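The opening residue of the sequence shown carries number 8 in this note's numbering; numbering runs sequentially from there. Idealized CB from N, CA, C, for every residue including glycine. Given the structure is predicted, the values throughout are model-derived calculations rather than measurements. Step one of this worksheet: look at the structure below.
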Amino acid sequence: MLVAIDASVDHRDALAAGALNGAKLLMLDPHQDAIRQVTQAVHRFAHKLQSLHIVTHGSSGSLHFSSGDLNLHNLPTYAAEIESWFRYRPLYPDSAVRVQSSTESFLSLYACSLASGEAGEAFLKKLQFLVGVSVHASKGKVGSTVLNGSWQLEIAYPFEHRARFPFTDDLLETYEAVL
Numbered sequence: 008m009l010v011a012i013d014a015s016v017d018h019r020d021a022l023a024a025g026a027l028n029g030a031k032l033l034m035l036d037p038h039q040d041a042i043r044q045v046t047q048a049v050h051r052f053a054h055k056l057q058s059l060h061i062v063t064h065g066s067s068g069s070l071h072f073s074s075g076d077l078n079l080h081n082l083p084t085y086a087a088e089i090e091s092w093f094r095y096r097p098l099y100p101d102s103a104v105r106v107q108s109s110t111e112s113f114l115s116l117y118a119c120s121l122a123s124g125e126a127g128e129a130f131l132k133k134l135q136f137l138v139g140v141s142v143h144a145s146k147g148k149v150g151s152t153v154l155n156g157s158w159q160l161e162i163a164y165p166f167e168h169r170a171r172f173p174f175t176d177d178l179l180e181t182y183e184a185v186l
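Set out below in structure tokens:
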């Protein structure tokens, strides 16, 4: 499990501290391209990567990273990198032997309203096509229930997959912001 947290996220240190034991953390540098940072981390841990969780701000069809947005317009620019996240991974560290990711692999996008509207649906379908695994996102606010948010990612493409939360129950209950 790899958890990438953008620099723009409120209380990101609390999110990092509340990550499940064994999760690999990537605190995104706001001065470097977010997708390239994620790609480098994925390749570093690819031999044991089952799930990727990206935490950042969002809106319909757009992930808002500190270093710039990822949306329908620039998704083709990052296609080769994104395709590499789950398609083929080394069987062992530094192995030339590559295997297809399992059907248990998934991508969770913790970002407000990402799946909302036609733009959200189109973005998730194109992203899912690139990664080749189930992609999870939300149509509404993600985060604190006090602020009308939820940690449930109710949208999944292409099929419903029981995604594991990357954070402890304590963090989910006490986090004080939305994404």
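Nearest to residue i (by Cα), restricted to the options the options
i, options, result
"L82", "G156, K132, A21 and I61", "K132"
"G68", "A11, Q135, E183 and L22", "Q135"
"L160", "S91, S115 and D17", "S115"
"D176", "K146, W158 and F52", "W158"
Coarse secondary structure for residue i, derived from DSSP in three states
i, result
"L59", "strand"
"Y117", "strand"
"Y164", "strand"
"A129", "helix"
"A26", "strand"
"F172", "coil"
"L154", "helix"
"H144", "Here residue 144 is Ala; the residue named in the question, His, does not match the sequence. Strand at A144."
Cα-Cα separation between residue i and residue j, rounded to whole angstroms
i, j, result
"G65", "D76", "9 angstroms"
"T63", "R94", "23 angstroms"
"R19", "E180", "15 angstroms"
"E90", "L70", "17 angstroms"
9 angstroms Cβ cutoff, residue i in contact with chain B
i, result
"G75", "You won't find chain B in this structure, because it holds only one protein chain."
Unbroken beta strand (DSSP E) run spanning residue i, endpoints
i, result
"F93", "It is not in any beta strand (DSSP E) - F93 carries neither H nor E in the DSSP assignment."
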